[in-house]
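Residue numbers (full-length UniProt numbering), protein chains in the order written: chain A, 1 to 283; chain B, 1 to 354.
The beta-carbon is built from N, C-alpha and C at its ideal position, and this holds for glycine as well.
One structure is given here, and the rest of the page talks about it.
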Amino acid sequence: MIERRPALTLLSHLVLILGVLIVAFPLYITFVASTHTAQEIVQAPMPMTPGSHLLENYRDALLGSATGGNSKAPVGRMMWVSLMCALGIAIGKIAISLLSAFAIVYFRFPFKSFFFWAIFVTLMLPVEVRIGPTYQVVSDLKMLNSYAGLTIPLIASATATFLFRQFFMTVPDELVEAARIDGAGPMRFFKDVLLPLSSTSIAALFVIQFIYGWNQYLWPLLVTTEENMYPVVIGIKRMIAGGDAANEWNIVMATAMLAMIPPALVVILMQKWFVKGLVDAEK
Amino acid sequence: MASISLRKVVKRYGTGPKANQVIHGVDAEIADGEFIVIVGPSGCGKSTLLRMVAGLEEISGGEIAIGPRVVNQVEPADRDIAMVFQNYALYPHMSVFDNMAYGLKIKKVPVDEIKARVDKAAKILELSQLLDRKPRALSGGQRQRVAMGRAIVRNPQVFLFDEPLSNLDAKLRAQTRLEIQKLHRELGVTSLFVTHDQVEAMTLAQRMIVMNGGRMEQIGTPEEVYARPASTFVAGFIGSPPMNLLKGRAEGTMFHVGGISLPLPAAAPRDGELILGLRPEHLDHWNASQGWPLTVEMIEMLGAERLVYGRLGSELFTLRIDATHVPPTVGETLMLELSAKHLHWFDAQSTQRV
């Protein structure tokens, strides 16, 4: 709004503050819960100020040394698995889609449009839709409980390929021709010209894919059965027992807080690049 | 340095009966060190021809030789050419130095030689202060000079320019035109320069190729092309304002056009349907007591001269007069007097010079 009226400013601020509260309050509760003992949390009303058990709760979560009844896999290991998966998915996707977009935009080869449409069709088939057959394949290839099983089926997707295809098509043809006259072969052109030009798009895509990979739930739930291959999101789920069993909510909440840290860090650290990549591509 | 031979060069897009032929057999011999301008309206195939010499377009027929070597199957990088693009095509993420050095780096030229060559080119083009800048921090004229520098450091046999001045403003264009001329005099490299601007063509060319619809209409020095246009197309394209072209019927020393009969200073080359060409500036007198009657319809003041638009009978006719003369008034009838040496005759059907 460009209008300058105090009442409107006040109103818009109120709405924004309300929005922030709605988003931030659950986070705050999570944090508060992660600093109390399990007994303190289940009392009604739940304490609204941080307690004194922060360090021991987080230590118990990371090392898996809590005394409760459910899954006691150490969160440190889970975070590592999650990190590997998120990085694997983000980097794998970027690498594959850069190369396939390069092929589609700059090369003439037989059945080019067929391949293009084959990639396009995968857009309509996310993991959830093809989960049965994909599980069968991964299981037959003995990739259950492995990093390969966790990442490869998620790497195959067309979104990133399209993003790069669109970007490559905006690169002026003269640049390709200038490079040809300069004697740069296709891979040299890719490395020296296209990659540096797409760096901001790559950064933006990395952020999106890292978070996508980190937050995967359904697929890891299927392909991991061993504690030492749980990503942290699955770990949280396994910590919560069904029925009447007492849950160590303090540890669960500490784990949730820990699970939030890496994606938040990635976003905060790469924010500048991320926004640049979404807004303007340097051409 | 090298000569360039174009022999029956043909360009077709697509194959079979649906093929779209855009260049219809161009023949030209370009001498070593010559500055040739290819000029024509948009879509005449001039850029395509240049890109075929560069190796960016395949040659569908005929052959192109640079020096003694036929280059039809040679990669652009191996043709020993350098090209300056209309939008300059600078690598946006590289500094001016890297832009100029990139081709040499790929050729694995030693680092200190690259530096020496880039520095030398930068000095010629007055870019020495800008070597660390990125293209986006440069003005249009500076970018243009970087593009030329990138061409110069390669030490090529042939320079190819694809409308390199059309993105500059008028003043800078005139200035860069002079710089290109100077550069050519110093380096003496065979150059092909494509433009749609006939002023650029006239001022830069040692010889010019006028193209129309994928055919070469005429090749010659600017003087020849101006003085003896080979067709009505060339006559209308070169010169500003263009040559007056009157389509009529010649009969001895009379020319019937636009409902009136004009006396000719000398007999037409033959009787029958002809097109008569006369440049607006080529009249001996425009206020004689007798001659061709021109009814003035409009006058434009251009500073040093005036353009007078009027009609000979029903035909439009333009006349260029010195601004120092007292101008005619609109509606007045002027009597034009002319001499035979300024008349151009073209066949009415083929539009070729007779």
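Among the options, the one whose alpha carbon lies nearest that of residue i
{"i": "B/Ser139", "options": "B/Pro269, B/Ala121, B/Leu168", "result": "B/Leu168"}
{"i": "B/Glu337", "options": "B/Ile81, B/Ile114, B/Ser289", "result": "B/Ser289"}
{"i": "A/Asn57", "options": "A/Tyr212, A/Leu265, A/Met257", "result": "A/Met257"}
{"i": "B/Ala227", "options": "B/Ala268, B/Gln142, B/His282, B/Val22", "result": "B/His282"}
{"i": "B/Leu90", "options": "A/Ile96, A/Ile261, A/Ala204, A/Leu197", "result": "A/Leu197"}
{"i": "B/Lys182", "options": "B/Ala250, B/Glu75, B/Leu125", "result": "B/Leu125"}
{"i": "B/Arg69", "options": "B/Leu187, B/Asn287, B/Leu6, B/Leu104", "result": "B/Leu6"}
{"i": "A/Ile251", "options": "A/Leu8, A/Thr35, A/Trp273", "result": "A/Thr35"}
{"i": "A/Leu211", "options": "A/Gly64, A/His13, A/Val171, A/Met270", "result": "Going by the sequence as given, residue 211 of chain A is Ile instead of Leu. Taking only the C-alpha atoms, the option nearest A/Ile211 is A/Met270."}
{"i": "A/Tyr106", "options": "A/Ile234, A/Glu177, A/Leu123, A/Pro45", "result": "A/Glu177"}
{"i": "B/Met298", "options": "B/Leu316, B/Ala304, B/Trp286", "result": "B/Leu316"}
{"i": "A/Phe164", "options": "A/Leu99, A/Arg77, A/Pro6", "result": "A/Leu99"}
{"i": "B/Arg279", "options": "B/Gly239, B/Asp271, B/Ser261, B/Pro269", "result": "B/Gly239"}
{"i": "B/Phe85", "options": "A/Trp249, A/Ile181, A/Val232", "result": "A/Ile181"}
{"i": "B/Ser307", "options": "B/Thr295, B/His342, B/Arg320", "result": "The identity of residue 307 of chain B in the sequence shown is Leu, whereas the question assumes Ser. Nearest of B/Thr295, B/His342, B/Arg320 to B/Leu307, Cα basis: B/Arg320."}
{"i": "B/Ala267", "options": "B/Glu63, B/Arg249, B/Ile4, B/Gln21", "result": "B/Arg249"}
{"i": "B/Gly40", "options": "B/Met211, B/Arg143, B/Gly310, B/Leu160", "result": "B/Met211"}
{"i": "B/His256", "options": "B/Asn244, B/Pro265, B/Met243, B/Leu274", "result": "B/Leu274"}
{"i": "B/Gly277", "options": "B/Pro263, B/Lys115, B/His344, B/Pro269", "result": "B/His344"}
{"i": "B/Thr232", "options": "B/Arg353, B/Ala31, B/Gly61", "result": "B/Arg353"}
{"i": "A/Gly185", "options": "B/Gly303, B/Gly103, B/Ile38", "result": "B/Gly103"}
{"i": "B/Ile260", "options": "B/Leu246, B/Arg270, B/Asp271", "result": "B/Leu246"}
is_contact[residue i, chain A] using C-beta, thresh 8 Å
{"i": "B/Phe85", "result": "yes"}
{"i": "B/Tyr13", "result": "no"}
{"i": "B/Pro92", "result": "yes"}
{"i": "B/Pro241", "result": "no"}
{"i": "B/Ala82", "result": "yes"}
{"i": "B/Pro164", "result": "no"}
{"i": "B/Ala89", "result": "yes"}
{"i": "B/Pro76", "result": "yes"}
{"i": "B/Ile4", "result": "no"}
Span of the beta strand (DSSP E) around residue i
{"i": "B/Asn212", "result": "207-212"}
{"i": "B/Pro293", "result": "292-301"}
{"i": "B/Lys8", "result": "4-13"}
{"i": "A/Gly92", "result": "No beta strand (DSSP E) holds A/Gly92; the alpha helix (DSSP H) holding it covers 75-106."}
{"i": "B/Val37", "result": "35-39"}
{"i": "B/Thr195", "result": "190-195"}
{"i": "B/Met202", "result": "Looking at the DSSP string, B/Met202 is not in any beta strand (DSSP E); the run it does join, the alpha helix (DSSP H), is 198-204."}
{"i": "B/Leu278", "result": "272-278"}
{"i": "B/Lys247", "result": "244-251"}
Any chain B beta carbon closer than 8 Å to residue i
{"i": "A/Ala203", "result": "no"}
{"i": "A/Pro126", "result": "no"}
{"i": "A/Val279", "result": "no"}
{"i": "A/Lys272", "result": "no"}
{"i": "A/Glu282", "result": "Low local confidence applies: a pLDDT of 47 at A/Glu282 is under 50, so the model's placement there is unreliable, and no value is given."}
DSSP bridge partner residues for residue i (one or two, in chain order)
{"i": "B/Gln218", "result": "B/Val210"}
{"i": "B/Leu316", "result": "B/Arg311"}
{"i": "A/Asp182", "result": "None, per the DSSP bridge assignment."}
{"i": "B/Met83", "result": "B/Leu160"}
{"i": "A/Ala259", "result": "Looking at the DSSP assignment, A/Ala259 forms no beta bridge with any residue, so it has no partner."}
{"i": "B/Glu281", "result": "DSSP output for B/Glu281 lists no bridge partner at all."}
{"i": "B/Arg306", "result": "B/Met301, B/Ile321"}
{"i": "B/Trp345", "result": "B/Leu276"}
Continuous alpha helix (DSSP H) stretch holding residue i: start and end
{"i": "B/Arg143", "result": "140-153"}
{"i": "B/Ala28", "result": "Run containing B/Ala28: none in the alpha helix (DSSP H); it sits in the beta strand (DSSP E), 20-30."}
{"i": "B/Asp132", "result": "Premise fails: B/Asp132 is in no alpha helix (DSSP H) and is neither H nor E."}
{"i": "B/Glu52", "result": "It should be pointed out that residue 52 of chain B corresponds to Met in this sequence rather than to Glu. Per DSSP, B/Met52 belongs to the alpha helix (DSSP H) from 46-54."}
{"i": "B/Arg185", "result": "170-187"}
{"i": "B/Gly103", "result": "96-106"}
{"i": "A/Ile236", "result": "232-239"}
Fill in: Near-chain A residues of the stretch 102-134 of chain B (beta-carbon distance less than 7 Å), N- to C-terminal order
So the list reads Tyr102, Gly103, Ile106, Lys107, given in the order they occur along the chain.
Fill in: Proximal residues, the stretch 251-271 of chain B versus chain A, C-beta separation under 8 Å
When CB distances to chain A are screened at a threshold of 8 Å, not a single residue of the stretch 251-271 of chain B falls below it.
Worksheet item: According to a CB-to-CB cut-off of less than 9 Å, which residues of the stretch 95-116 of chain A neighbour chain B?
Response: Per Cβ criterion, the list is empty.
Discussion item. Along the stretch 185-196 of chain A, where does the CB come closer than 8 Å to a CB of chain B? Name the residues.
Written reply: Sequence-ordered contacts of the stretch 185-196 of chain A with chain B read Arg188, Asp192, Val193, Pro196 [C-beta pairs closer than 8 Å].
Fill in: Near-chain A residues of the stretch 47-73 of chain B (beta-carbon distance less than 9 Å), N- to C-terminal order
Residues of the stretch 47-73 of chain B with a C-beta atom less than 9 Å from some C-beta of chain A are Arg51, Ala54, Gly55, Leu56, listed in chain order.
Item to complete: Scan the stretch 165-184 of chain A for residues whose Cβ lies nearer than 7 Å to a Cβ of chain B and list them as they occur along the chain.
Response: Only Pro172, Glu174, Leu175, Glu177, Ala178, Arg180, Ile181, Asp182, Gly183, Ala184 from the stretch 165-184 of chain A bring a Cβ to less than 7 Å from some Cβ of chain B.
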